[in-house]
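Participant:
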Amino acid sequence: MDYLQIQGPTTLNGTVTISGAKNAALPLITLTLLAHNKVTLTNTPEVADIKTLLKLLENLGATQTLKNHVLELDTSTVNHTMANYDIVKTMRASILVLGPLLARFGHCEVSLPGGCAIGQRPIDLHLKALEQMGAKITIHAGYVNAVAPNGLQGAHIIFDKITVTGTANIVMAAALAHGKTVLVNCAKEPEVVQLCEILRDSGIDIRGIGTSELTIMGTGGKTIDMVDFEIIPDRIEAGTYLCAAAITNSTITLDNVRHDHLDAVTAKLEQMGCKIDITDSTMTIHPAQKLKHVELITQEYPAFPTDMQAQFLALATLAEGTSIIEERLFENRFMHVSELQRLGADIRLNGHTAMVMGGTPLFGADIMATDLRASSALVLAAMAAEGTTNVHRIYHLDRGYEDLEGKLRLLGAKIERLKE
Ligand code: UD1
56 MDYLQIQGPT TLNGTVTISG AKNAALPLIT LTLLAHNKVT LTNTPEVADI KTLLKLLENL
116 GATQTLKNHV LELDTSTVNH TMANYDIVKT MRASILVLGP LLARFGHCEV SLPGGCAIGQ
176 RPIDLHLKAL EQMGAKITIH AGYVNAVAPN GLQGAHIIFD KITVTGTANI VMAAALAHGK
236 TVLVNCAKEP EVVQLCEILR DSGIDIRGIG TSELTIMGTG GKTIDMVDFE IIPDRIEAGT
296 YLCAAAITNS TITLDNVRHD HLDAVTAKLE QMGCKIDITD STMTIHPAQK LKHVELITQE
356 YPAFPTDMQA QFLALATLAE GTSIIEERLF ENRFMHVSEL QRLGADIRLN GHTAMVMGGT
416 PLFGADIMAT DLRASSALVL AAMAAEGTTN VHRIYHLDRG YEDLEGKLRL LGAKIERLKE
């Protein structure tokens, strides 16, 4: 197993290029299951989760090549409808094949994703919506068996809770359904917006893009002629580099970035005293003279993202005063707290809220990554800590950050990947 060795404290400078968004690429890759043509996706992030999903699509019969961030994908040859436990267990987002496979083939068998480190993460809302569209769903031997022999039917669906992959799954199912589907209380994340835009550009009548209510006219089972497109920049990767600059007191520039997707994140960094200059596709962050404490609550887009909570918690350990960080989306997303405490951070947890007494110095130690975003928070803290930190179990990191250590090294960090 690999681990990262980081020498701190460090200062960064220069420019980092942000990769394509993993969470946009995942549903867009499964969207190709609705197409009868070969599709080219540019700016595809080369991270483990994407490779896992491509393997799943290959198992279904698709052909693909991914080189220099250009993904060519042909799903016209897909002839299987079963997503196996072996792959689904490694990546929950595999559930994104459920809607498209059912819509195209009238049946599919997808392993239940099961639990995950940050919380229970059920898929009940995906299943309930598909049932409203006429699917018969049974759970047997750990698999969701879904059938809709006469195709899916348009329906009026109100999501009980806002769900990102749930919205994506049902939007894709509705695109091939018979008649009109109205989805209420949808996720408005930029990744969902791009999915809807690509469907629209591929000829689907879809209204309300970017709002919480989407109306989709289905093709009645006909596959679509999908357009080629470029994946949006990863706002969470960008936010992580902004925090890397803030925590190391550095000025850096981010290239290939959408600042409008980062408003909630930049607002908090500005409240903490950082200054951010923006152009069309770049952001330059200047550090705070004295980092101030912060209060934040994670919520659905456009509010502050849960995927940036861990990085801000790391940052708050160095800020003056007491920061309050409340996690509203996932019940168990504070596992990085005990690892940050190993570096010397003073953090108290009370249910869904972390109180961070900032300003205590951090010292290098051996720490363990527990989930994807928690891992990057540990790397940030390690760059600010005095001495050597070894971050173990970084396979979590590799799932969603493209060459994190290479990009940080180019910015001047002392970071190395080693074998246990
Ligand atoms: C997506 C993102 C993830 C991000 C999360 C919240 C991808 C691949 N992943 O995850 O990085 O942290 O959004 O922004 O895009 N829920 C239910 N029933 C369901 C579905 C969800 O109760 O059927 C609950 C979840 O347990 C959670 C909340 O709804 O508490 C939001 O989850 P959801 O938006 O579905 O997260 P993901 O789509 O899995």
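Numbering (this note's numbering), first residue to last: 56 to 475.
Note that beta-carbon positions come from the ideal geometry of N, C-alpha and C, so glycine has one too.
None of the values given here were measured: they were computed from a predicted structure.
Can you tell which of Phe214, Ala319 and Phe418 has its C-alpha closest to the C-alpha of Ile178?
Facilitator: The candidate whose alpha carbon is nearest that of Ile178 is Phe214.
Participant: Let me confirm a value: Asp335 is counted as buried when at least 16 other C-beta atoms fall within 10 Å, else exposed. Which label applies?
Facilitator: Exposed, because fewer than 16 other Cβ atoms sit within 10 Å of the Cβ of Asp335.
Participant: Quick one: what does DSSP say Ala429 is sitting in, helix, strand or coil?
Facilitator: Helix.
Participant: Taking the DSSP output, what are the residues bridged to Asp260?
Facilitator: According to DSSP, Asp260 bridges with Met272.
Participant: Whose beta carbon lies closer than 7 Å to any heavy atom of the ligand UD1, going through the chain in order?
Facilitator: Qualifying residues come out as Asn78, Leu81, Arg147, Ala148, Gly174, Gln175, Arg176, Pro177, Ile178, Asp179, Leu180, His181, Lys216, Ile217, Thr218, Val219, Thr220, Gly221, Ala242, Glu244, Glu246, Glu355, Pro360, Thr361, Asp362, Leu384 and Phe385.
Participant: Quick test of your reading: Thr95 and Asp283, contact by CB under 8 Å. State the CB separation rounded to the nearest angstrom.
Facilitator: Indeed, because the Cβ distance is near 4 Å, the residues count as touching under 8 Å.
Participant: Residues in its own chain within less than 7 Å of Arg397 by CB, not counting five upstream and five downstream?
Facilitator: Taken in chain order, the residues that qualify are Ala420 and Ile422.
Participant: Does DSSP put Asn178 in a helix, in a strand, or in coil?
Facilitator: Going by the sequence as given, residue 178 is Ile instead of Asn. Coil, per DSSP.
Participant: Return the chain-ordered ranges of every alpha helix (DSSP H) run that is complete within the region 371-430 and spans a minimum of 4 residues.
Facilitator: Entirely contained in the region 371-430, the alpha helix (DSSP H) runs reaching 4 residues are, in chain order, 391-397.
Participant: Within its chain, find whatever has a CB closer than 8 Å to the CB of Ala301; leave out the 5 residues flanking it on each side and keep chain order.
Facilitator: Excluding residues within five positions, the ones whose Cβ falls inside 8 Å are Leu324, Met327, Cys329, Ile340, Pro342, Ala343, Leu346 and Leu370.
Participant: Taking Leu309 as the reference, which of Met56, Asp57, Leu67 and Gly63 has the closest Cα?
Facilitator: Of the candidates Met56, Asp57, Leu67 and Gly63, the one whose C-alpha sits nearest the C-alpha of Leu309 is Leu67.
Participant: Just the C-alpha distance for Thr120 and Glu127, rounded to the nearest angstrom, thanks.
Facilitator: Cα to Cα, the separation comes out at about 5 Å.
Participant: For Glu292, collect the residues of the same chain with a Cβ closer than 7 Å to its Cβ; drop the 5 residues on either side in sequence, then sort them by chain order.
Facilitator: Within the same chain, Glu292 has close Cβ partners Ile73, Ser74 and Tyr456.
Participant: Under 6 Å Cβ to Cβ from Asn205, same chain only, skipping five residues before and after it: list those, please.
Facilitator: Excluding sequence neighbours, Asn205 sits near nothing in its chain.
Participant: Which value, in whole angstroms, describes the spacing of the CA atoms of Ala365 and Ile379?
Facilitator: Each residue's Cα considered, the two are about 12 Å apart.
Participant: If you measure between the beta carbons of Ala184 and Ala201, is that distance less than 8 Å?
Facilitator: No, the pair does not count as a contact, with Cβ atoms beyond the cut-off.
Participant: Quick check: the region 406-415 against the region 430-449, are at least 3 beta-carbon pairs closer than 8 Å?
Facilitator: The answer is no - the region 406-415 does not touch the region 430-449, with fewer than three Cβ pairs under 8 Å.
Participant: Counting beta carbon pairs with one atom in the region 237-255 and one in the region 147-167, are three or more of them shorter than 8 Å?
Facilitator: Not touching, per the Cβ criterion.
Participant: Which first and last residues belong to the beta strand (DSSP E) in which Lys474 is found?
Facilitator: Segment Lys469 to Lys474, the beta strand (DSSP E) holding Lys474.
Participant: Between Val312, Lys469 and Gly467, which lies nearest to Ala76 when the distance is taken from Cα to Cα?
Facilitator: The shortest Cα separation from Ala76 among Val312, Lys469 and Gly467 belongs to Val312.
Participant: Could you check the C-alpha separation between Asn224 and Leu269 for me, to the nearest Å?
Facilitator: Distance between the alpha carbons of Asn224 and Leu269: 13 Å.
Participant: Pick out whichever of Ala429, Asp453, Pro416 and Asp426 has its Cα sitting closest to the Cα of Pro64.
Facilitator: Among Ala429, Asp453, Pro416 and Asp426, the Cα nearest to that of Pro64 is on Pro416.
Participant: Spatial neighbours of Gly263 within its chain, please: CB distance less than 6 Å, with the 5 preceding and 5 following residues excluded, ordered by chain position.
Facilitator: Correct list, in chain order: Leu269 and Thr270.
Participant: Using only the alpha-carbon positions, how far apart do Gln175 and Leu452 sit?
Facilitator: Distance between the alpha carbons of Gln175 and Leu452 is about 20 Å.
Participant: Quick one: using the 10 Å Cβ neighbour count with 16 as the cut-off for buried, is Thr236 buried or exposed?
Facilitator: Thr236 is buried by the Cβ-count criterion.
Participant: Given 8 Å as the limit, is there contact between the region 129-142 and the region 108-118, that is, 3 or more CB pairs closer than that?
Facilitator: Yes, since at least three Cβ pairs between the region 129-142 and the region 108-118 fall closer than 8 Å, the two stretches touch.
Participant: Using the Cβ count rule (16 or more neighbours within 10 Å means buried), how would you classify Asp495?
Facilitator: This structure cannot settle anything about residue 495, because the visible part of the chain is limited to 56 through 475.
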